[in-house]
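Comments concern the structure below.
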Amino acid sequence: MKNLLSTLAAAAALLLAGCSDLLDPMPNGGYNEDNLKNYPSMIRGFIIKAYSLLPNSYNGTEYAYLECATDNAVARDQSHAMRRLATGSLSPGDDPFASWWGRDYEGIYYVNRFLENDLGLNTRFYVNPETDEAARKLYQGEAYALRAWFQYDLLRKFGGRSADGELLGFPIVTSPHVGGDLVRDSYDRCVAQILSDCDKALEYLPQAHRDVFFEDQTVSGSMNWHRFDGISMVALKAMTCLMWASPAFNPQNDLSRWEKAAEYAAEVMKYKLEVDGAQLGAFDPKARFSWSDPDSPEIICSSSPSSNANMETLFYPNGFNGTGAVGVTQELVDAFPMANGYPIGDPAGGYDENDPYAGRDPRFYATVFYHNSQIVKSNGKVQYTFDMSAGGRDAANGPNNSPTNYYARKFLYSEWNKSDLTVQTAPRSVAFMRWTHMCLAFAEAANRVAGPLDATRFGYSARQAVGYLRSRTTGDGEPGLGAAADPYLDACAAQGKEAFETLVRNERRIELCFEGERFFDLRRWAEDVSALNGTVSKAVVGDSRYGREPVESRVFASRWLPIPATEMRRSPNLVQNEGWTAWN
1 MKNLLSTLAA AAALLLAGCS DLLDPMPNGG YNEDNLKNYP SMIRGFIIKA
51 YSLLPNSYNG TEYAYLECAT DNAVARDQSH AMRRLATGSL SPGDDPFASW
101 WGRDYEGIYY VNRFLENDLG LNTRFYVNPE TDEAARKLYQ GEAYALRAWF
151 QYDLLRKFGG RSADGELLGF PIVTSPHVGG DLVRDSYDRC VAQILSDCDK
201 ALEYLPQAHR DVFFEDQTVS GSMNWHRFDG ISMVALKAMT CLMWASPAFN
251 PQNDLSRWEK AAEYAAEVMK YKLEVDGAQL GAFDPKARFS WSDPDSPEII
301 CSSSPSSNAN METLFYPNGF NGTGAVGVTQ ELVDAFPMAN GYPIGDPAGG
351 YDENDPYAGR DPRFYATVFY HNSQIVKSNG KVQYTFDMSA GGRDAANGPN
401 NSPTNYYARK FLYSEWNKSD LTVQTAPRSV AFMRWTHMCL AFAEAANRVA
451 GPLDATRFGY SARQAVGYLR SRTTGDGEPG LGAAADPYLD ACAAQGKEAF
501 ETLVRNERRI ELCFEGERFF DLRRWAEDVS ALNGTVSKAV VGDSRYGREP
551 VESRVFASRW LPIPATEMRR SPNLVQNEGW TAWN
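Taking the working numbering, the leading residue of the sequence shown gets 1, the next gets one more, and so forth.
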């Protein structure tokens, strides 16, 4: 990594010049390290470049394909790196994670350039003094926010235990000038650094990017909707503390960590309900969330929107001009309860194994395509009917078909059809933090501290937070699971912490599938690698029956991801995560 940072430092001007017209040099090309402060557009460019490194699509290795290293999905391509990871055959030459490490440190490098010696804070960006002050504060806050996010990403991806049991994070780098061998800092110290950067960002950022809060909208307001603001920093603190409090990283079960996660998540929930909701009339917790609306009020912070058909091509079968690259497992399908909220294994649910897709949780129909389900346009026109029967056009292992006889529907735009004369697409963003994340983080943490029903400790109860999600209108516009009543949710809450946590974990699985969370959830909850191993299944569709068959056995080498082998060679003092000593 130190080689990477040295290379970045040497090539900064060249790299920045290509990211925006704002970064083009003056006609004489006269900027350099000594006079950089005379070129405010270049200095602002450090922040722009860091933002450009954030992911902006769910169709990559960090999201949809990462699900294939969980019990939620299987990659069609048997040589795909995530399938190799899941089956214990990943090698340093296949490592898909090295790019994440490099990307995050590249982002950290650019914000460290901006922050060094208060370069950005002491730069004049606008002639008008008030506008200039607002800009300097905004950019300074964004720099700390971006560094906090990239560090959080490094911690959740590469944090883990060494072979001798030490909990380690990542090498903390707060300067663009790095020399000598890098050393991983302790997990706790990395958490402290992230929280500190969030707090520094909060000193400068506005609470939220809303026009109504600013008279001068030259640099402030909704024009910054897809950028970090104050409330997103509180949300990031909640997510960081939830991870820190989890069993894998909290062996002593320090309840103060759970308490912090609950407090921060409750603060964000309160803002969404009382400011975005009651004050501004923009947010309703019962309203549907649409993946084709990058301006949804549910979003707390997201990437800039991108309009393409990558998700449709990835998830749809060959018969509908897709590649069937990612298949939903039978295990994920089974995780969805019945329409009355009871699990399929509970007699009160009314599950019929001969008609397994009838009467299910309405979220199921918005998430998964199954045998005989349809792609329907908003005008009611049926575009496609799935046939996963033996010999059917969408059956498992056909050319460019899912290996599981299920297809993911989540994220997809129902108006898209590659055969149309004019192919319609929709803008989509990666929601780094949204209302759903906060409700689930709060429910898990508050339940640990105060149980499911206590609403006095944090202003909301854990049961209430889960109820918000189960009862809201689905992405299809259908009434939610507990819109009228939710007896199973009430029963779990009455049974106490353990039963309620089981429910919360399943709700996370359902609500956040294909969003890159399940992989890390399983690891932060697991006692050892054996909890990750097992068999995932596909559906078998017969003439008059449905069954299941094993499709893949999972044999993970470790609970943790490997520190990239190239980084281990560059910095011999780096300590590798448990299970990856062959990568040293």
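Even for Gly, the Cβ is constructed at its ideal location relative to N, Cα and C.
This structure is a prediction, so every number in the text was calculated from the model and none was measured.
Per DSSP, the continuous alpha helix (DSSP H) segment holding Phe-364 begins and ends at 362-365. Taking 8 Å as the cut-off, the beta carbon of Gly-319 is found closer than this to the beta carbon of Asp-394. Assignment of alpha helix (DSSP H) within the segment 514-571, counting only whole runs of 4 or more residues, yields 518-525 and 565-570 in chain order. Annotated three-state conformation of Pro-427 is strand, per DSSP. Distance between Gln-78 and Tyr-63, taken at the CA atoms: about 18 Å. In the structure shown, Ala-163 falls within a coil segment according to DSSP collapsed to helix, strand and coil. For the segment 116-168, the full-length alpha helix (DSSP H) segments reaching 4 residues or more read 129-158 along the chain. Straight-line measurement puts the Cα of Val-326 at about 13 Å from the Cα of Asn-310. Annotated three-state conformation of Ile-47 is helix, per DSSP. Closest option to Tyr-109, judged by alpha-carbon separation, among Tyr-126, Leu-53 and Glu-67: Leu-53. Contact between Asn-56 and Ser-303 holds: CB atoms are separated by about 4 Å, below the 8 Å threshold.
It is roughly 14 Å from the alpha-carbon of Lys-137 to the alpha-carbon of Phe-214.
Taking a C-beta distance under 8 Å as the contact criterion, Thr-329 and Val-74 qualify as a contact pair. When secondary structure is reduced to three states using DSSP, Thr-385 falls in the strand class.
Asp-153 places its beta carbon less than 8 Å from that of Asp-104. Linking Tyr-413 to Asn-401 through their CA atoms gives a straight-line distance of about 19 Å. In terms of CA proximity to Phe-369, Ala-408 leads the group Pro-399, Tyr-488, Ala-408 and Gly-349.
If only uninterrupted beta strand (DSSP E) runs of at least 3 residues are considered, none is enclosed by the segment 453-498. The bridge partners DSSP lists for Ala-73 are Val-328. Residue state for Tyr-105 is assigned as helix, using DSSP reduced to three classes. Relative to Thr-131, the option among Asp-216, Phe-556, Phe-114 and Ala-208 whose CA is nearest is Asp-216. In the structure shown, Asn-340 adopts coil according to DSSP, grouped into three states.
Annotated three-state conformation of Gln-193 is helix, per DSSP. For Met-433, the pairing in a beta bridge is given by DSSP as Cys-301. Residues Glu-298, Ile-299 and Ile-300 of the same chain have their beta carbon placed closer than 6 Å to that of Arg-434, with the five preceding and five following residues left out of the count. By a beta-carbon distance limit of 8 Å, Asp-94 contacts Ala-81. Their separation comes to about 5 Å.
Residues Val-382, Gln-383 and Ser-414 of the same chain have their beta carbon placed closer than 8 Å to that of Val-376, with the five preceding and five following residues left out of the count. When Cβ pairs closer than 8 Å are counted between the two stretches, the segment 170-189 is seen to touch the segment 555-573, the count reaching three or more. Apart from sequence neighbours up to five positions away, the residues of its chain that approach Pro-452 with a beta-carbon distance below 6 Å are Ala-462, Arg-463, Ala-493 and Phe-500, ordered along the chain.
The beta carbon of Thr-174 sits closer than 7 Å to those of Asn-112, all from its chain and outside the five residues before and after it, given in chain order.
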